[in-house]
Amino acid sequence: MGYELKKIDKHGVRHGTIKTVHGSIETPTFLPDATRGFIKTLSNEDLAQSGVSAMVVNTYHLFLRPGTDIIKKVKGIHGFMGWDRPLVSDSGGFQIFSLIRNTTRKNGKKPLGEIHEEGVYFKSPIDGSEQFLSPEKSIKIQFDLGTDIIIALDDCPPNHSSQPELKKSIERTIRWGERCFSEYHRQIKKRKIQKNKRPLILSVIHGGEHKDLRKACFLGLYEAAKKNKNNITSDWDGYGFGARPVDAKGRFLKEVLKSTADLIPKNKIRFALGIGSPRDIFLCARMGWDVFDCVIPTREGRHGKLYLKKGGRLIKGGQIYYNTINIGSSKFAKSLKPVNAGSGLEILEYSSQSYLNHLFKSGEALGAKIASMNNLKFYSVLMDEIRGAG
RNA sequence: GUGGCCAUCGUUCAACGGCAGGACAGCGGUUUGUGGUACCGCUAACGAGGGUUCAACUCCCUCUGGCCACC
Numbered sequence: 014m015g016y017e018l019k020k021i022d023k024h025g026v027r028h029g030t031i032k033t034v035h036g037s038i039e040t041p042t043f044l045p046d047a048t049r050g051f052i053k054t055l056s057n058e059d060l061a062q063s064g065v066s067a068m069v070v071n072t073y074h075l076f077l078r079p080g081t082d083i084i085k086k087v088k089g090i091h092g093f094m095g096w097d098r099p100l101v102s103d104s105g106g107f108q109i110f111s112l113i114r115n116t117t118r119k120n121g122k123k124p125l126g127e128i129h130e131e132g133v134y135f136k137s138p139i140d141g142s143e144q145f146l147s148p149e150k151s152i153k154i155q156f157d158l159g160t161d162i163i164i165a166l167d168d169c170p171p172n173h174s175s176q177p178e179l180k181k182s183i184e185r186t187i188r189w190g191e192r193c194f195s196e197y198h199r200q201i202k203k204r205k206i207q208k209n210k211r212p213l214i215l216s217v218i219h220g221g222e223h224k225d226l227r228k229a230c231f232l233g234l235y236e237a238a239k240k241n242k243n244n245i246t247s248d249w250d251g252y253g254f255g256a257r258p259v260d261a262k263g264r265f266l267k268e269v270l271k272s273t274a275d276l277i278p279k280n281k282i283r284f285a286l287g288i289g290s291p292r293d294i295f296l297c298a299r300m301g302w303d304v305f306d307c308v309i310p311t312r313e314g315r316h317g318k319l320y321l322k323k324g325g326r327l328i329k330g331g332q333i334y335y336n337t338i339n340i341g342s343s344k345f346a347k348s349l350k351p352v353n354a355g356s357g358l359e360i361l362e363y364s365s366q367s368y369l370n371h372l373f374k375s376g377e378a379l380g381a382k383i384a385s386m387n388n389l390k391f392y393s394v395l396m397d398e399i400r401g402a403g
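Position one of the first sequence corresponds to residue 14 (the numbering used here), numbered consecutively onward.
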């Protein structure tokens, strides 16, 4: 169980393997977001065909619906989804903070939740019921889910927060991290999980756009784990990059990503949470990030944006080249060209651009499925090229 | 045949004697640990003719077309 670094190539890409209970993941890797236990419109067979070997599910969403009782009855989220390869669960921190912030910003309404030291109180967006999520509870739910990699609950601030606000958030992230780490060991003991069957646990580094705060957060999390004296593990299995990776103007936080990657010990998983566009992933992999997840390929696919190769290879001479098209555009209404010739995916080869255009104009879910598969396959090829580039 | 009602973007529904507005459709764009079947733009109309008026889509008359009632 854990991460094994095999080599760092001349571009700075770390080639490694993450070993989990449900199999190994070759890194760098991209994991699509099956937030609520599914990737919209795609079956497990569709996902496998599209080159998906692992996914990220969300503690917060699955806790609200369907709840852990039903999931426990089938021995976890793998059984529930019918998926036998690795799954990562995100802690729910990002969702709750985004929920609280967005409702306040969008309609000036009272926030749907409040952050306290013991945890977060919030109203369920589904039925308005009062809910509570704490570091301990997030970890317990993730053990109930039975995911292969779990993530500590973090306090996720907007990047443009003031320095004092960011400082408060990293301090809370560290305190919550310590509680998560203790709870992790309690759960392992309570459930009598063998050392080689344990889920891996990651924490999340915050600090907004400030390199020094990112460093302080990393050191705090590192020390917090060290305080816990036990024989299972005395450190996190990896660290994530928290909060949106772009500034207020939408510019990618390249330097912060680079300096944060450099903080993390070489034998630990580096998870660039929520990243990102093919270009951002390409850049981050060369900075030494190992794992990526993002809604882009699936969400944008559902809205008709397709990622396509320009020529033979995506990566040429240290640069990445690709096209995007909006298949719903009338430009494609008469095109009999295949959606993606040479992709190796049957459905992308026999479906024409005009057919996919028609599906989108008709609001048909099959369109979202074809587009999502195209984009996931594109991301899969991108990661293959990144791994093969050295 | 007689009487009444109606005629506005492609469709559907508003408003007003002084710049004709929305919804849907169409077109273009946005989306970075998924409240996204979402969000943001843009395009687009007063049935025809005459009259009253400084000014008419709006008031009056005729025509054309539609709907309803009665014969």
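Yeah, the Cβ is synthetic: ideal placement off N, Cα and C, and Gly gets one too. From a predicted model like this one, the values you see are computed outputs, not experimental measurements.
Practice task
Within its chain, find whatever has a CB closer than 6 Å to the CB of leucine 321; leave out the 5 residues flanking it on each side and keep chain order.
Solution key: Translated into the one-based positions of the first sequence, residue 321 becomes position 308. Counting only Cβ-Cβ distances below 6 Å, and skipping sequence neighbours, we find Asn336.
Problem - Whether lysine 210 touches valine 87 by CB criterion (8 Å) - result: As a first step, residue 210 is located in the first sequence; it is residue number 197 there, counting from the start. As a first step, residue 87 is located in the first sequence; it is residue number 74 there, counting from the start. No, Cβ-Cβ distance for lysine 210 and valine 87 is not below 8 Å.
Practice task
Go ahead and pull the three-state DSSP assignment for arginine 199.
Solution key: The residue you call residue 199 lines up with position 186 of the first sequence. In this structure, arginine 199 counts as helix in the three-state DSSP scheme.
Exercise for the section: Using DSSP bridges, identify the partner residues of serine 365. Expected result: For this step, residue 365 is matched to residue 352 along the first sequence. In the DSSP output, where bridge partners are listed per residue, serine 365 has Pro351.
Exercise for the section: Would you mind stating whether leucine 369 and isoleucine 340 have Cβ atoms separated by less than 8 Å? Expected result: Counting from one through the first sequence, the residue named residue 369 turns up at place 356. Counting from one through the first sequence, the residue named residue 340 turns up at place 327. Closer than 8 Å, so yes.
Practice task
Determine the extent of the beta strand (DSSP E) in which glutamine 144 is found, giving its start and end residues.
Solution key: In the first sequence, the residue the question calls residue 144 occupies position 131. Where glutamine 144 is concerned, the enclosing beta strand (DSSP E) stretches over 143–146.
Exercise for the section: Using three-state DSSP, classify glycine 380 as helix, strand or coil. Expected result: The sequence position of residue 380 within the first sequence is 367, counting from 1. Note: glycine 380 maps to helix in three-state DSSP.
Problem - aspartate 388 versus glutamate 313 - alpha carbon distance - result: Here the question's residue 388 lines up with position 375 in the first sequence. Here the question's residue 313 lines up with position 300 in the first sequence. Residue identity check: residue 388 is asparagine in the sequence provided, not aspartate. Cα to Cα, asparagine 388 sits roughly 9 Å from glutamate 313.
Problem - Contacting residues, own chain, Cβ-Cβ under 7 Å from lysine 318 (five flanking each side not counted) - result: Position 305 of the first sequence, counted from the start, is the residue given in the question as residue 318. Here the set comprises Thr337 and Asn339.
Practice task
Please confirm if the region 196–214 is in contact with the region 256–275, defined as three or more CB-CB distances below 8 Å between the two stretches.
Solution key: no
Exercise for the section: Would you mind stating whether aspartate 103 and asparagine 172 have Cβ atoms separated by less than 8 Å? Expected result: Mapped onto the first sequence, residue 103 falls at position 90. Mapped onto the first sequence, residue 172 falls at position 159. Contact: no.
Problem - Beta-carbon proximity list for phenylalanine 93, same chain, < 6 Å, skipping 5 on both sides - result: Your numbering for residue 93 matches position 80 in the first sequence. Excluding sequence positions up to five before and after phenylalanine 93, its CB lies within less than 6 Å of the CB of Ile84 and Val87, all in the same chain and listed in chain order.
Exercise for the section: Tell me where the alpha helix (DSSP H) around tyrosine 73 begins and ends. Expected result: Numbered from its first residue, the first sequence carries residue 73 at position 60. Run containing tyrosine 73: 72–77, per the alpha helix (DSSP H) assignment.
Exercise for the section: On the DSSP bridge assignment, give the partners of asparagine 339 in chain order. Expected result: The residue given as residue 339 occupies position 326 in the first sequence. In the DSSP output, where bridge partners are listed per residue, asparagine 339 has Lys318.
Problem - Contacts around leucine 213, its chain only, beta-carbon distance under 6 Å, and the 5 residues preceding and following it disregarded - result: Here the question's residue 213 lines up with position 200 in the first sequence. Result list for leucine 213: Ile162 and Asp250, in chain order.
Handout entry: Local conformation of lysine 23 per DSSP, three classes
Key = In the first sequence, counting from the first residue as 1, residue 23 sits at position 10. If DSSP states are grouped into helix, strand and coil, lysine 23 belongs with coil.
Handout entry: Burial state of leucine 349 (16 or more Cβ within 10 Å)
Key = One-based indexing of the first sequence puts residue 349 at position 336. Looking at its Cβ environment, which holds fewer than 16 other Cβ atoms inside 10 Å, leucine 349 is exposed.
Handout entry: Through-space distance from asparagine 280 to lysine 20, alpha-carbon basis
Key = Here residue 20 refers to the residue found at position 7 when the first sequence is read from its first residue. Here residue 280 refers to the residue found at position 267 when the first sequence is read from its first residue. So the alpha carbons of these two residues sit roughly 11 Å apart.
Exercise for the section: State the DSSP-derived secondary structure class of glycine 220, mapped to helix, strand or coil. Expected result: Against the first sequence, residue 220 aligns to sequence position 207. Glycine 220: coil per DSSP, three-state reduction.
Problem - Expected contact under 8 Å - CB spacing of arginine 49 and leucine 75 to nearest Å - result: The residue given as residue 49 occupies position 36 in the first sequence. The residue given as residue 75 occupies position 62 in the first sequence. Taking C-beta atoms under 8 Å as the contact rule, arginine 49 and leucine 75 qualify, at a distance of about 7 Å.
Handout entry: Under the three-state DSSP convention, the category histidine 439 falls into
Key = As shown, the chain starts at 14 and ends at 403. That puts residue 439 outside it, with no answer to give.
Handout entry: Candidates Thr72, Ile154 and Leu100, of which the one nearest isoleucine 38 by Cα
Key = Residue numbering aside, residue 38 sits at position 25 when the first sequence is read from its first letter. Selected option, being the one with the closest Cα: Leu100.
Handout entry: glutamine 332 - DSSP class collapsed to helix/strand/coil
Key = Taking the first sequence and counting its residues from 1, the one referred to as residue 332 is at position 319. If DSSP states are grouped into helix, strand and coil, glutamine 332 belongs with the strands.
Handout entry: beta-carbon serine 290 near the ligand FAD non-hydrogen atom, thresh 7 Å
Key = The ligand FAD is not part of this structure, which contains no ligands at all.
Practice task
Would you check if the distance between the CB atom of isoleucine 165 and the CB atom of valine 217 is smaller than 8 Å?
Solution key: Stepping through the first sequence from its first residue, residue 165 is reached at position 152. Stepping through the first sequence from its first residue, residue 217 is reached at position 204. First, the residue type needs correcting, since residue 165 is alanine and not isoleucine in the sequence shown. It is a contact, given that the beta carbons lie within the stated cut-off.
Problem - Buried or exposed by the 16-neighbour rule on C-beta atoms within 10 Å, applied to aspartate 275 - result: Here residue 275 refers to the residue found at position 262 when the first sequence is read from its first residue. Aspartate 275 comes out exposed.
Practice task
Find the nearest neighbour of serine 385 within the set Thr42, His24 and Val65, judged by alpha-carbon distance.
Solution key: For the purposes of this step, residue 385 is identified with residue 372 of the first sequence, where counting begins at 1. When each option's Cα is compared against that of serine 385, the closest is Val65.
Handout entry: Beta bridge counterpart(s) of leucine 215 as assigned by DSSP
Key = For the purposes of this step, residue 215 is taken as residue 202 along the first sequence, with counting starting at 1. Ile164 and Gly251.
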